[in-house]
DNA sequence: TATGAATGAGTTTTCATTCAT
DNA sequence: TATGAATGAAAACTCATTCAT
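Residue numbers (our numbering), protein chains in the order written: chain Y, 1 to 198; chain L, 1 to 198; chain U, 1 to 198; chain X, 1 to 198.
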């Protein structure tokens, strides 16, 4: 790691989080040691303690960052193309590295034992719902979704389905089958909400 | 633990699995110690090693047993009432103890690092899909579901949605909202498959 | 183990010592568990405690018995044939099971840490020397060994050489080479003590 | 342990091996705990695991090092003085600390249960024989030992006797008696091989 | 006499964390 | 800023021993 980079500290932190994120996902939080995280990026344990005050702190960093990444990805979906989310968004998502794509699910294993993680996940879930809800509201304005639609409820339903399909993939469902499944499910869940152009 | 019980060994194992299941869920697998599991049922560590040859062995036992319990619960749903699953089955499920109800989700945290767990979960997932598919096929015979329905695909979609809603609950969604959500989602997902009695 | 045998107790003890002797030699004293010893003879741990009050007690039993067996074997050597011991006695000894033949050497590993074992071995060594010394004295009377021979010293020398060859076998020397070696060494060590028939 | 020593790591390892060597000899391998080894040199258990990856690894280190020390000692004997080895070499050897001098014998207790140890000892034995054989061959060239002597066989015989005497010492023979014994035995074993200067 | 369930003390091993350099 | 030696607390696992049956 070069030492004279502006924002060096932030970059260093990110390098560590990258390493940790991947290892936490592959090996689990408890099973991954500080040594592992350090070795993967060619530094020693001690170095990590310069940037994070504990292993748990690294975990929080990883969760927060990954949750934000997923949220950003959702935010960037063109609202106009939203109804085709089934084919496009999900496909793109499936290309992300496992440790980002499935991070959500993985982190749940730590939730019950760690209230702070529970908070991060809950907060993130609520935000995620809100982002999607806004998309739906935009579509209402664009007259593509019926005005009667309860956008909060629909957002929650879609997210549940989305996450459920991801779980199925983790449990062995092939990615192509998942894409197919997702498309059909989304269509069903949305059909009553499309606005018939009259 | 009384010693003059027929099938004593089986009962002892079950007692241990009960303890472990709850603790694994609450504290995570790695964080839970054999000491914890033992203390909870008033024995010492050594005793557990009489019935299980390692901590991992306990984990496999827990996973297998809980997966089977969930499967049995699904099998026992009256196919005739299946279409109301939304209201009935899910409500009942929500009454189960968290460490059974959410076990599925919890265990995923161990999946990536433990191939044996991955196998248990994958196998269990496939079986679960099959059980649901058979229910759907029965409904076809009863002329309640259209003959054109792809029962395998539908089973997968429903299970994904179901698990996704459970995830949302874990992430802080209230149980009552979840029940509401689940009902509406199921209705949408099934609506194209109902057979119109003509 | 049948229960109505006269001298049952002694036989039971012997069965246990047989098992222990073999396992101690093969796996070492510490590494062998009471369970191992019991399982080998088809009983359970608890049973051994009826006949021996501790694991150490079993060890003492094993050492004493094996030392006596070796001593008896030496006693039974025909003094007249003693000078050919090289060819006959050693060959016979090589046919004994390893855990008897090498017991002497094995037990040394426990000596330094266990004074009682040290006593057993030291006592046994002294007795062994005495048995051999008597043989030599008999040969003196038979005029086959010179009167000037220091029988105690010669006994010690011969035993040292004998044990040293056994060690070499343990260290990988083939048994046939060992027999050859032993024959030649004995001849050299005895040559000055033969009485020239004049 | 000062930290600014060149070759610090090697020295640290050696310190640990010293401690372990002595304790393994005195208390046996299995009975000696990592705690014991660490406490003796004023560090904690964990430290040892920085330098050795397991307890067995420490054992291999101890065996290898001690075997080499004994071999070096033999190598350094002046071949010209070899015939007086009885008085000189053995006396010097007797001054070495027990855990070096008797290491050979002690390690045999672990041999049967640990193939790696068996390899170390067997290899070491063969090398030891070779070192001695070369000494004998040198003496042949110096015309001090007869050309007819089978140097390999003689080497094996001498080593057997030597080790046997050490065993006797372990079994309680006094060191002075042992020195006397050794001298006389060596003389007998060598007498037919001296070259009469004619 | 024999069993086998239970214990608890002890052992190896791992690792987050600290700190002097 | 980075290192790596050292720690100490905790964890998995083993086993001699006891004891009720």
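In this text, a Cβ means the ideal position worked out from N, Cα and C, and glycines have one as well.
Quick caveat: nothing in here was measured; it's all calculated off a predicted structure.
Cα-Cα separation between residue i and residue j, rounded to whole angstroms
i, j, result
"residue 235(X)", "residue 162(X)", "The structure shown has nothing for residue 235(X), since chain X only spans 1 to 198."
"residue 184(L)", "residue 154(Y)", "9 Å"
"residue 45(U)", "residue 30(U)", "16 Å"
"residue 56(X)", "residue 116(X)", "10 Å"
"residue 96(U)", "residue 81(U)", "20 Å"
"residue 58(X)", "residue 50(X)", "12 Å"
"residue 191(X)", "residue 137(U)", "25 Å"
"residue 187(U)", "residue 177(U)", "16 Å"
"residue 124(X)", "residue 195(U)", "40 Å"
"residue 181(Y)", "residue 142(L)", "25 Å"
"residue 60(U)", "residue 10(U)", "15 Å"
"residue 119(Y)", "residue 13(X)", "47 Å"
"residue 72(X)", "residue 98(X)", "17 Å"
"residue 127(Y)", "residue 79(Y)", "17 Å"
"residue 36(U)", "residue 189(X)", "45 Å"
"residue 122(U)", "residue 172(X)", "6 Å"
"residue 144(X)", "residue 8(X)", "47 Å"
"residue 107(L)", "residue 92(L)", "22 Å"
Same chain, Cβ closer than 8 Å to residue i, neighbours up to 5 away in sequence not counted
i, result
"residue 100(Y)", "21, 66, 69 and 70"
"residue 170(L)", "102 and 105"
"residue 140(U)", "146, 147, 149 and 151"
"residue 52(L)", "13, 16, 58 and 61"
Within-8 Å CB hit, residue i to chain L
i, result
"residue 89(Y)", "no"
"residue 31(Y)", "yes"
"residue 74(Y)", "no"
"residue 117(Y)", "no"
Within-8 Å CB hit, residue i to chain U
i, result
"residue 71(X)", "no"
"residue 184(X)", "yes"
"residue 143(X)", "no"
"residue 156(X)", "yes"
"residue 168(X)", "yes"
"residue 19(X)", "no"
Supposed close pair residue i, residue j - CB separation, criterion 8 Å
i, j, result
"residue 113(L)", "residue 28(Y)", "5 Å"
"residue 102(X)", "residue 25(X)", "7 Å"
"residue 179(Y)", "residue 135(Y)", "Not a contact, Cβ separation roughly 20 Å."
"residue 131(U)", "residue 75(U)", "6 Å"
"residue 111(L)", "residue 175(L)", "Not confirmed; about 26 Å, so no contact."
C-beta neighbour in chain Y for residue i, strict 8 Å
i, result
"residue 153(L)", "yes"
"residue 163(L)", "yes"
"residue 138(L)", "no"
"residue 160(L)", "yes"
"residue 22(L)", "no"
"residue 181(L)", "yes"
"residue 112(L)", "yes"
"residue 26(L)", "yes"
Min CB distance residue i to chain X below 8 Å
i, result
"residue 133(U)", "no"
"residue 188(U)", "yes"
"residue 146(U)", "no"
"residue 121(U)", "yes"
"residue 37(U)", "no"
"residue 108(U)", "yes"
Close beta carbons around residue i, own chain, < 7 Å, minus the five adjacent residues each side
i, result
"residue 156(L)", "129"
"residue 47(X)", "38"
"residue 34(L)", "45, 48 and 55"
"residue 193(U)", "145, 146, 149 and 154"
"residue 133(L)", "151, 152 and 155"
"residue 64(U)", "120"
Residues near residue i in its chain [Cβ-Cβ closer than 6 Å; skip 5 each side]
i, result
"residue 32(X)", "23 and 24"
Residue i beta carbon near the ligand FMN (any heavy atom closer than 7 Å)
i, result
"residue 46(X)", "In the structure on display, the ligand FMN does not appear, and there are no ligands present to speak of."
Counting pairs of beta carbons, one from the region 158-173 of chain X and one from the region 160-178 of chain U, are three or more of them closer than 8 Å? Enough Cβ pairs lie closer than 8 Å, so yes.
For the region 8-20 of chain L and the region 36-52 of chain L, state whether three or more C-beta atom pairs, one from each stretch, are separated by less than 8 Å. With a cut-off of 8 Å, the region 36-52 of chain L and the region 8-20 of chain L count as touching, because enough Cβ pairs lie within range.
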